[in-house]
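Using our numbering, read the sequence shown as starting at 16 and increasing by one per residue.
C-beta atoms are modelled at their ideal positions from N, C-alpha and C, and glycine is treated no differently.
Notes to accompany the following structure.
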Amino acid sequence: LNRAPGIWHKFRHMQRRRADGFYENSPVRVGLTVGEADAPTGVTEARLRGFFAKRGFRVETAPGSTDAKTYLYIHKFGWSALSTFVFHTCLIGVMLCAVLTGWGGFGQGSMAERILPAPVYNYFQDLAGFSYDQPLPNGEQGVVYPMGTPHNIIYRAVKFTMTVDPQRFTPTDFYTDLQLYQDGKLVAQKRIRVNDPLTYQGVTFHQASFMMATSIQLRDDKGNVIYSGAIPLTDHRTTAPDPNSGNVYQTNSVSDVPIPNYDETMNLAATRLDNGSWLVGVRGFDSAGKPIFQGASNFGFTCVTPDGAQFVAGTDYGCKLSNGWWMRINDVSRGTVLLITKDAGSPLLWPILALLVLSMWITFGFPPRRYWARIEGSQVRMAALKEHFVNQQRELDAYTRAFGNRPLIVAPTVTPDADAKPAPKRREKQTATA
């Protein structure tokens, strides 16, 4: 800000003429003869104007010029100095975008809610951003905003698909077929990938990662369904290689899954066996953290007895647990992990960054050129100030070569005769007055 007045003043009020000593003493200067040695000042001025006009310069006659001696101000790209204002404004804009990105809104019952007008308060609340990961098994759905929010957005993972390299067993591609609903209507759908998200009403759904999920059904000892749904297994771990076989087992688990209408939680884990099947185990705890049931099932094959001693056949209810409940495994499959974000600063950031880069390109690609010239007949002296980003002495030397590289004509000097004697001084006769 303290440089702004000086930059603006130099742009609006250019110094078109310098003192005569500047043309002879400036560290960046040249002297040359243009045209015929006896060419008049007007002809030399016309040649300089034409030469620099072809190179994109503006040539202005400076105040104080006469027919015998003319001063010219030769310049171009003077407007590029103003790009520094754009550059610094963009820097401030980037910081404001960071503030908007981190803005999370006013809290419930805050003072702002009481003192601000409702339109202003709602506007700032709408700018509030968020970012969170959402594991989502196939066919499951979630909501963007808290339940009860008017016109809420519901997202549903129709299907997650992953392609695996058969040699390295690493994923080569994975994507999610995603659907968005609002007010009971399908408003958007897209196959999203890591670098190809879906954005709707300022909310962006990214394909972040993937995880394993299992769909289970729990029944009590009377056969009543007490839990049914898909559970993301978000904790992935790999065991150390078996010292005998060298096999490595991957375990996917989740802890503290609440059981509705029961003051109890359960932990689940799924391990892939050598034959490709999944062994799914469950363990339940009461509110005090005391184990109350456990059991396991080899999905699609057999059940494991509650004591883990042997495999037994399952029933229509699934596998029996240690407390008399039943667990049936409906599916074990990969599911998607979405990154859901709302960033009010992001739409502003990209155009601001584009302007910032453009202003830098203008500043360094088009630095101002300013030359001052004094013309006396065919004799031309040109001078400039030292600049940071351009070698003006080299450019002046190039212009001198273009004019024929003819130096200034040195005026002859009269040297006194060494043998000549000085004329005797005549004493004037003084007369006295009475």
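Open item on the list: Considering Cα atoms alone, identify which of Glu-410, Asp-358, Asn-137, Phe-37 is closest to Pro-383.
Closed with: Glu-410
- [ ] For Ser-302, write down the residues that DSSP places opposite it in a beta bridge.
- [x] Partner(s): none; Ser-302 has no beta bridge.
TODO: Inspect the beta-carbon positions of Lys-357 and Phe-145 and report whether they are closer than 8 Å.
DONE: yes
Open item on the list: Tell me whether the region 195-213 and the region 121-129 touch, counting them as touching only if at least three CB pairs, one residue from each stretch, are closer than 8 Å.
Closed with: no
Task: Per-residue burial, Arg-208 [other beta carbons within 10 Å of its own, 16 or more giving buried] - done: exposed
Task: Within-8 Å CB hit, Asp-192 to chain B - done: Looking for chain B here will not work: only one protein chain is present.
TODO: Would you list the one or two residues that DSSP bridges to Phe-199?
DONE: It is worth fixing the name first, because residue 199 is Gly in this sequence and not Phe. Paired residues: none, contrary to the question.
Open item on the list: Does the structure place the region 399-418 close enough to the region 51-59 that three or more beta carbon pairs sit under 8 Å?
Closed with: no
Open item on the list: Does Ser-230 come out as helix, strand or coil in the three-state DSSP assignment?
Closed with: strand
Task: At least three beta-carbon pairs within less than 8 Å, the region 305-315 to the region 340-355 - done: In the pairwise beta carbon analysis, the region 305-315 is classified as touching the region 340-355: at least three pairs are separated by under 8 Å.
Task: Residues of its chain near Ile-367, where Cβ-Cβ distance is below 7 Å and the 5 sequence neighbours each way are ignored - done: Cys-105, Gly-108, Val-109, Cys-112
TODO: Report yes or no: do the region 87-101 and the region 36-49 share at least 3 C-beta pairs separated by less than 8 Å?
DONE: no
- [ ] Go ahead and pull the three-state DSSP assignment for Ala-369.
- [x] helix
- [ ] Work out the CA separation of Trp-365 and Tyr-41 for me, nearest whole Å.
- [x] Reading the sequence as shown, one finds Ser at residue 41 and not Tyr. In a straight line, the C-alpha of Ser-41 is about 44 Å away from that of Trp-365.
Task: Arg-31 versus Glu-75 - alpha carbon distance - done: 8 Å
Task: Exposure of Val-297, with buried meaning 16 or more beta-carbon neighbours within 10 Å - done: buried
Open item on the list: Between which residues of its own chain and Gln-445 is the CB-CB distance below 7 Å, once the five residues before and five after are set aside?
Closed with: Confidence in Gln-445 is poor, its pLDDT being 45 and thus under 50, which makes the residue's placement too unreliable to answer from.
Task: Rounded C-alpha distance that separates Val-295 from Asn-239 - done: Whole-angstrom Cα-Cα distance: 21 Å.
- [ ] Taking the CB atoms as reference points, tell me whether Leu-195 and Gln-182 lie closer together than 8 Å.
- [x] The beta carbons of Leu-195 and Gln-182 sit no closer together than 8 Å.
Open item on the list: Buried or exposed, going by whether 16 or more other CB atoms sit within 10 Å of the CB of Phe-184?
Closed with: Exposed, by the Cβ-count rule.
Open item on the list: What does the alpha-carbon distance come out to for the pair Ala-399 and Arg-385?
Closed with: 6 Å
Open item on the list: Measuring CB atoms only, is the region 247-262 touching the region 146-166, in the sense that at least three cross pairs come out at less than 8 Å?
Closed with: yes
Task: Bounding residues of the beta strand (DSSP E) (the contiguous stretch that carries Phe-145) - done: First-last of the beta strand (DSSP E) with Phe-145: 145-151.
Task: Buried versus exposed, by CB contacts within 10 Å (16 or more), His-166 - done: Label assigned to His-166: exposed.
TODO: Determine the direct distance from the alpha carbon of Tyr-242 to that of Val-319, and round the result to whole angstroms.
DONE: Roughly 20 Å between the two C-alpha positions.
Task: Separation of Leu-363 from Glu-279, as counted between CA atoms - done: 47 Å
Task: Span separating the alpha-carbon of Phe-189 from that of Val-179 - done: Going from the Cα of Phe-189 to the Cα of Val-179 covers about 9 Å.
Task: With 16 other Cβ atoms within 10 Å as the buried cut-off, status of Trp-376 - done: exposed
Task: Three-state secondary structure (DSSP) of Glu-138 - done: Reading off the sequence shown, one finds Tyr at residue 138, where the question assumed Glu. In the structure shown, Tyr-138 sits in a helix (DSSP, three-state: H, G or I).
Task: For Leu-63, the nearest candidate out of Ile-390, Lys-84, Tyr-332, Ala-255 (CA to CA) - done: Ile-390
Task: Best match in Gly-244, Ala-245, Asp-289 for proximity to Gln-265 [C-alpha to C-alpha] - done: Asp-289
Task: Extent of the continuous alpha helix (DSSP H) to which Phe-67 belongs - done: 56-68
Task: Among Arg-343, Leu-193, Thr-81, the one whose alpha carbon lies nearest that of Ile-355 - done: Nearest of Arg-343, Leu-193, Thr-81 to Ile-355, Cα basis: Leu-193.
- [ ] Report the residue from Gly-299, Thr-214, Ser-268, Leu-371 whose alpha carbon sits nearest the alpha carbon of Trp-293.
- [x] Ser-268
Open item on the list: Given this structure, state the Cα-to-Cα distance separating Glu-402 from Phe-220, to the nearest angstrom.
Closed with: 50 Å
TODO: Using alpha carbons as the reference points, say which of Leu-97, Ala-96, Arg-171, Ala-77 lies closest to Thr-351.
DONE: Arg-171
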